[in-house]
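Structure, as structure tokens:
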Amino acid sequence: MGRARRTLRVDGPGRAGVRRHAGLRARPRARRGGRDAAGRLPPRARAGHPRRAARDPRRHSRRRPPRAGDARPLLRRGRPLLDGAGGDVARSAGREGRRHLRHRRVDGRDLEPRLHDADPGGAATRAPPRRGAAPHRAARPLVRCGLRGGARVTTIARAVVTGSSGFVGSHLAARLAAGGCAVTGISNTPPRREPPEGVTEHLADIRDADAVRQLIADARPDVVFHLAAQASVPVSMRNPVADILVNVIGSVNVAQAAHAAGASRLVFFSTGGALFGQPEVLPAGEHTPVEPQSVYGASKIAAEHELGALCRHLGLELSVLRPGNIYGPGQDAAGESGVVAIFATRMLLGVAPRVFGDGSQQRDYVYVDDVVEAALLAASGEPATCEVGSGVGTSTLEIFRHIAALTGYARDPVFAPERPGDPQAVYLDPSRARERWGWEASTRLEDGLAATVESFRAGG
């Protein structure tokens, strides 16, 4: 009688079990495709079995685990992650390599990142992009925007400005275009004047996420300046839901669209006068508790927090401006805010302006050109949240007297009850903007008011 046949089943990673027979010939292995030498399928792959498809051992083999020193492109939604200059940021696949990623910035430009492996003598290289990844986007040249005082501020070749038909947005878009930037403007109202050369205006509501995403994607901006907002304190108190939909949800729509379009930075215009309520210590700055008294101020600080968390998650740089009361040529005098424009227009027409309360309320008035300069610095400087103001409080009656002298108005104002949500005194500490961006207000109040009154006298 022959010897008893013993079998031992040996399983290995990624391969079918192989029968080994002690002292006897081995059964022939299954060929590729799941059939054996006789052309038979294994039982699991025969007709009627719930798992009919035979496994190809080569397709199910385990991959080598990543090691420090392996360089792979970091993908964001199927394309290489872009830095501010348009280059892709590589990373080391191993834990040690990820901990030793170094990114270099020289003179505001992103350079090739260094990958430091656990082995200091090893050379880290950039791997070719994965199949299906977007092609590498070449860096676009930076251009210099002309600024007063010879300040060196560089901005990108393409920019998006939301709220471009508004007061500050129109000034910012014009300054960017004058510096050679291609500007895409997005507003829900048509511009009052013909936009300057280099500015393309589009009508859209930032609450419409699809429209905003498409417009920003078509623009392919390097930086998005987000100014579109519901900016009236009285309107926010009458309709708080609409205020939140525009200032919070709309801002999130803009940030997501900026990220999807490959922008490197978002510059967000918040508020300085409506965030702090009635501060106990003035001027108000980074250490002042945030206690808004109006829905408008609450929606702006909510938008700051939403954008901060979202941009950190997306890898989108964020700079936030907290400006004081902005004034200057081109301000709309038909609304409920903008005391300088309202006073100047009424006094030039010989109509008594209306003062809410007793006129002792103090605000920080900052000229529009100074705010535009701060926005450009925020786009090219260190990402930060900064108060943008003069650091000096000026009462409503002082503004009235200055403009009355410039217009020749000789009567008294009309006093009205205080408006809900208006603090008594708020002016800002601009020291952080000076430290982070090198910015400070350079226009004296008297000079700014004179230029503003002259523009309204000329029909502006």
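In my numbering, the protein residues as written are 1 to 460.
We put the CB at the ideal spot given by N, CA and C, even for glycine.
Ranking L397, P323 and L245 by CA distance to the CA of F356 puts L397 first. Nearest in C-alpha terms to P383, of all of N325, P413, L349 and F268, is F268.
With at least 16 other beta carbons inside 10 angstroms of its own, P430 counts as buried.
Assignment of P234 by DSSP, reduced to helix, strand and coil, places it in the helix class. For A159, the enclosing beta strand (DSSP E) covers residues R158 to T162. The region 356-376 makes contact with the region 421-430; the number of CB pairs closer than 8 Å reaches 3 or more. Close CB contacts of G381 within its chain, under the 6 Å cut and outside five residues either way in sequence, are with W437 (chain order). In this structure, DSSP gives G297 a helical state, which the three-state scheme calls helix. Across the set V351, A378 and S390, the C-alpha of S390 shows the shortest separation from the C-alpha of I326.
Beta-bridge partners assigned by DSSP to T394: R363.
Remark: three or more beta-carbon pairs, one from each stretch, lie closer than 8 Å, so the region 179-199 and the region 209-222 are flagged as touching. The Cβ atoms of E440 and R432 do not sit closer than 8 Å to each other. Remark: C-beta atoms of R346 and P353 approach each other more closely than 8 Å. Look at I206 here: in three-state DSSP terms it is coil, with no helix or strand label.
For R434, the enclosing alpha helix (DSSP H) covers residues S431 to W437. Annotated three-state conformation of N188 is coil, per DSSP. Note that the region 168-183 touches the region 198-205; at least 3 beta-carbon pairs, one per stretch, sit closer than 8 Å. Taken in chain order, the whole beta strand (DSSP E) runs of length 3 or more contained in the region 263-321 are 265-269. Per DSSP, the beta-bridge partners of A182 are R158. Residue environment for D412: exposed (fewer than 16 other C-beta atoms within 10 angstroms of its C-beta). DSSP places T452 in the helix class (H, G or I) of the three-state scheme.
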